[in-house]
Amino acid sequence: MRINNLFHSLLSFLFDNRCSVCGEELEQDDVLFCKGCLEALARNNLQLEQTDELEFIIPLAPFDDVREAIHFLKYSGWKRLGRKLGVALGEKLSRVDFLREFDILLPVPLHKTRKRERGFNQSLIISEGVSKTLGIPVAKEIVIRVKNTRSQTQLSEEERGKNVNGAFSVKAPDKITGKNIVIVDDVVTTGSTTKEITKMLKDAGARRVGVACIGRPKNKGEIL
Ligand SMILES: [Zn+2]
């Protein structure tokens, strides 16, 4: 992780003043993306994917378009960038009518050890941005991560399912029963983590559960 940090600090220095997409010079308030390119992410390619287990998955962008941004957020602690991505995701979600019926945003929790190492939960940072645009409150501490699972990156879909099995626990069932909940994550790949949380929320009486994320590797999915 340390080498990663160093690498990203270096990259951040190189990227400092230019938009990573169009190369335009950034205004003082911009981070990695200029306003136009960030707005384009929010505006373009609204994808709503449905599976047997997940009512919906809505990403801000294909993973390749936000890979760098997610790395900067997670490994260099660029929280301001995370919030901006969250705001853009919130703008995208505000175009989906049925989301008006949703009650809370649930950031995927980090295990306390991981949170101590990183210093923050990237999904919470993203959720705060989403909440700002979408007007749905962020629920903290209603679900916790009880198992410090190993990184999913090198695991197969089946192994990922096993890895996250029993990893979460409901802390406040009264805040879940009868509620419509959007789980917020930085990246959704196989969806093992979000499926596990969904199952648990449903068992605790949640009515509807869906997922919003910043990056999603391109595959199936209907373009709206
Ligand atoms: Zn740009």
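Per the numbering used here, the very first residue in the sequence shown carries number 625; after that it's consecutive. For each residue, glycine too, the CB sits at the ideal point set by N, CA and C. Remember, predicted model here, so these are calculated numbers, not experimental data.
Measuring alpha carbon to alpha carbon, tell me which of the options ends up nearest residue i.
i: Asp827; options: Phe792, Ser816, Arg840; result: Phe792
i: Leu709; options: Ala666, Gln652, Thr817; result: Ala666
i: Thr757; options: Arg707, Ile682, Lys819; result: Arg707
i: Lys736; options: Glu765, Glu673, Glu715, Ala685; result: Glu765
i: Arg738; options: Pro761, Val770, Ile760, Lys823; result: Val770
i: Thr675; options: Thr814, Ile760, Met824; result: Thr814
i: Arg740; options: Arg724, Gly701, Leu825; result: Gly701
i: Ala836; options: Leu717, Val762, Lys698; result: Leu717
i: Gln671; options: Ala685, Ile760, Asp689, Pro761; result: Ala685
i: Ser751; options: Gly790, Gly714, Val720; result: Gly714
Tell me whether residue i is buried or exposed, calling it buried when 16 or more other Cβ atoms sit within 10 Å of its Cβ.
i: Gly834; result: buried
i: Asn745; result: buried
i: Lys819; result: buried
i: Glu781; result: exposed
i: Pro841; result: exposed
i: Asp809; result: buried
i: Gly839; result: buried
i: Cys658; result: buried
i: Asp653; result: exposed
i: Arg784; result: buried
For residue i, which residues from the same chain have a beta carbon less than 8 Å from its beta carbon, with the 5 sequence-adjacent residues on both sides left out?
i: Asn787; result: Thr773, Arg774, Gln776, Leu779, Ser816
i: Arg642; result: Glu648, Glu649, Leu650
i: Glu725; result: Asn804, Arg832
Since I believe residue j is in contact with residue i (beta carbons under 8 Å), could you give me their beta-carbon distance rounded to a whole number of angstroms?
i: Val732; j: Ser747; result: 5 Å
i: Val811; j: Ile682; result: About 13 Å separates the two Cβ atoms, so there is no contact after all.
i: Arg832; j: Glu673; result: Arg832 to Glu673, Cβ: 16 Å. No contact.
i: Leu729; j: Val754; result: 6 Å
Once you ignore the five residues that flank residue i on each side, which residues in its own chain have a CB closer than 6 Å to its CB?
i: Met625; result: In this prediction, Met625 has a pLDDT of 48, which is less than 50 and means its spatial position is unreliable; what the coordinates show is noted afterwards. Same-chain partners within the cutoff: there are none.
i: Ala830; result: Ile800, Lys803, Ile805
i: Pro797; result: Ala828
i: Leu697; result: Leu705, Gly706, Gln746
i: Leu662; result: Ala712
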